[in-house]
Amino acid sequence: MQINTRLQFAVVWASLSVAAQAADKPNILYVMSDDHAYQAISAYGGHLSKVIQTPNIDQLAKEGMIFHRAMVPNSICCPARACVLTGKYSHMNGQIGNSDKFDGSQQTLPKLLMAAGYETAIIGKWHLYTEPTGFDYYSVLHGQGKYINSGFKEIGKWPKAEVHAGYVTEVITKDAIKWMKERNSDKPFFLMVHHKAPHRICIPQKKHYDKLKNTVIPEPATLYDDYKGRSDASKVQTQRIAKNMGRRENKVPKHMKGKARTRLAYQNWIKDYLATSLSVDDSIGELMAYLKESGQADNTIVVYTSDQGLFLGEHGWFDKRFMYEECLRTPLLIRYPKLIKPGSVCYDMVMNIDYAPTFLELAGVTIPADIQGKSMVPVLKGETPADWRKQVYYRYYDFPDAHQVERHYGIRTERYKLIHFYYSMDQWEMYDLKEDPHEVNNLASNPEYKVKFEKLKKQLYALQAQVKDKPYDKVGQGVRNRKQAVTEEAHFGKF
Ligand SMILES: [Ca+2]
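Sequential numbering of the sequence shown, starting at 3, is according to the working numbering.
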């Protein structure tokens, strides 16, 4: 009996102690949209910033830090989410493609934060098929969700979905604020707000519907790309706005051909995309207004990012998946006045696998040794260590699949990029990003760059081994179906 009482006392003391420590910890509001390209955010100052303004996201840059080299190791929806949740590359967390089911039994960021005294929740897009784990509360979209009157699956009701009436970006924002308002706890919170927008097929909110109607949207430099000198991967893909996008989206008459077709398809689609993304900017404004009015703005780490970047007409394309800059990079802005000087601009290479260790360190949690990302805390302080990451590893697996982007892996250094398309072909691409920022001049077979090419190849394989991945040693086999593809990859390279 005495032992039991002592044990009970110890348990109560331990939980009180966790609660007391937790009360001093910052809240974390992690907002992630789906397919929101940095080119569409005015704080990044690209060619579209002449016609689109995102004042609320820009405000995060003014009050915090904007990242110009935030990157993802696998530029596609489900794998990117799994990287964020685990702090690990796809080959380590098992979510290599969009069709795999996430293994929710593994260690994740929300589970670690929950154990450290955080109240955890996710509201919005989940897309990982299995029931969310590690959350005190969840209300996630049924599949990809819908823009109007989407189904949501709420904790306790899985797998049943119920319709939440309204425009999805607004619904997610309102539900997120409601959760923050109504939670009955002294614990700090970790809230993931995952927007569906501006994933295609875009449907703008009524108030933004006609905003760009009479505007001519500037074209990207490579809209009419002919893929000269590139690998066959750029020729076999099926993500051209003019050719592979349905008429419902590009709204181009069948008879229209050539450059005129590309020009009109781009204008039609990009207007819907940009108008849809304006609601995401509104959401940031509403979330920040709530934090400010409730006195939590300065003790909350606010992150805005996307699951990956997107081609907005660059190379004539509309999707992601390739290791080119538009998809390898993703927007990232962080506001946390206790650590970050207002107006900070970061050019260090950070990755989405770094978010988990960063939040853990800021929450005072020991970072587990198997997490592969690095804590960005010194970067946030403006004290980037000399040995910070100087190269990034990338691998994309979803082939054959939608948009037929060949499997590839590669390395991006501060100046160069080397990509190996290895699966149904055996071809390389190499770019000098300083001289050729649009990545159109493939140097892989240029004799003048032979030494550089071989050096980068060595660097790629060394980095691949360092992150515990393996090269695929059966290149150019012309595998036809996805099931066979996944089996072969698992056998020859993946795990
Ligand atoms: Ca996405």
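Even for Gly, the Cβ is constructed at its ideal location relative to N, Cα and C.
Pairwise C-beta distances place the stretch 162 to 170 in contact with the stretch 143 to 152, as three or more of them are shorter than 8 Å.
Inclusion of G66 and L335 in the CB contact set at 8 Å is warranted, their separation being smaller than that value.
Here V142 carries a strand assignment [DSSP, helix/strand/coil]. In this structure, the straight-line span from the alpha carbon of E184 to that of A244 is close to 48 Å. Non-local C-beta neighbours of D389 in its own chain, meaning closer than 8 Å and more than five positions away in sequence, are absent. Distance from the Cα of Y399 is smallest, within the candidate group I124, P75, T368 and N58, for P75.
Ligand 1 approaches D36 closely enough that one of its heavy atoms is under 7 Å from the residue's Cβ. Around the CB of N186, fewer than 16 other CB atoms lie within 10 Å, so the residue is classed as exposed.
The Cβ-Cβ distance between H197 and D36 falls below 8 Å. Looking from the CA of P370, the closest CA among A358, M378, L225 and V381 belongs to A358.
Within 7 Å of the C-beta of D177 there is not a single heavy atom belonging to ligand 1.
Within the stretch 206 to 254, complete alpha helix (DSSP H) segments of at least 4 residues are found at 235 to 238 and 249 to 252, given in chain order.
Here F324 carries a coil assignment [DSSP, helix/strand/coil]. Per DSSP, the continuous alpha helix (DSSP H) segment holding T88 begins and ends at C79 to T88. Short note on D434: C-beta not closer than 7 Å to any heavy atom of ligand 1. Between ligand 1 and C85, a heavy atom-to-CB distance of less than 7 Å is absent. Beta-bridge analysis with DSSP links Y398 to H410. Within 7 Å of the C-beta of Q97 there is not a single heavy atom belonging to ligand 1. Counting only runs of 3 or more residues that sit fully inside the stretch 348 to 399, the beta strand (DSSP E) segments are 393 to 398, in chain order. In the three-state reduction of the DSSP assignment, D300 falls in the helix class. A Cβ-Cβ separation of about 7 Å places L50 in contact with I219 under the 8 Å criterion.
In terms of CA proximity to A72, T307 leads the group T307, A45, K340 and G248.
By DSSP's assignment, Q429 forms a beta bridge with F423. Around the beta carbon of E456, fewer than 16 other beta carbons lie within 10 angstroms, which makes this residue exposed. The closest CA to that of P112, considering only R265, G136 and D471, is found on G136. In the three-state reduction of the DSSP assignment, M94 falls in the helix class, which pools H, G and I. Remark: fewer than three beta-carbon pairs, one from each stretch, lie closer than 8 Å, so the stretch 218 to 236 and the stretch 279 to 298 are not flagged as touching. Measuring C-alpha to C-alpha distances from Y411 to each of N216, C80, D26 and L420 identifies L420 as the nearest. Shown here, Y338 sits in coil according to DSSP, grouped into three states, outside any helix or strand. In the three-state reduction of the DSSP assignment, D177 falls in the helix class, which pools H, G and I.
Excluding residues up to 5 positions away in sequence, W430, E431, M432 and F455 lie with their Cβ nearer than 7 Å to the Cβ of A446 in the same chain.
Per DSSP, the continuous beta strand (DSSP E) segment holding F192 begins and ends at F191 to H196. Note that the C-beta distance between Y268 and E441 is not below 8 Å. Look at W128 here: in three-state DSSP terms it is coil, with no helix or strand label. The Cβ neighbour count for A291, taken over all protein chains shown within 10 Å, is under 16; the residue is labelled exposed. Fewer than three pairs of CB atoms, one per stretch, sit closer than 8 Å, so the stretch 371 to 388 makes no contact with the stretch 307 to 323.
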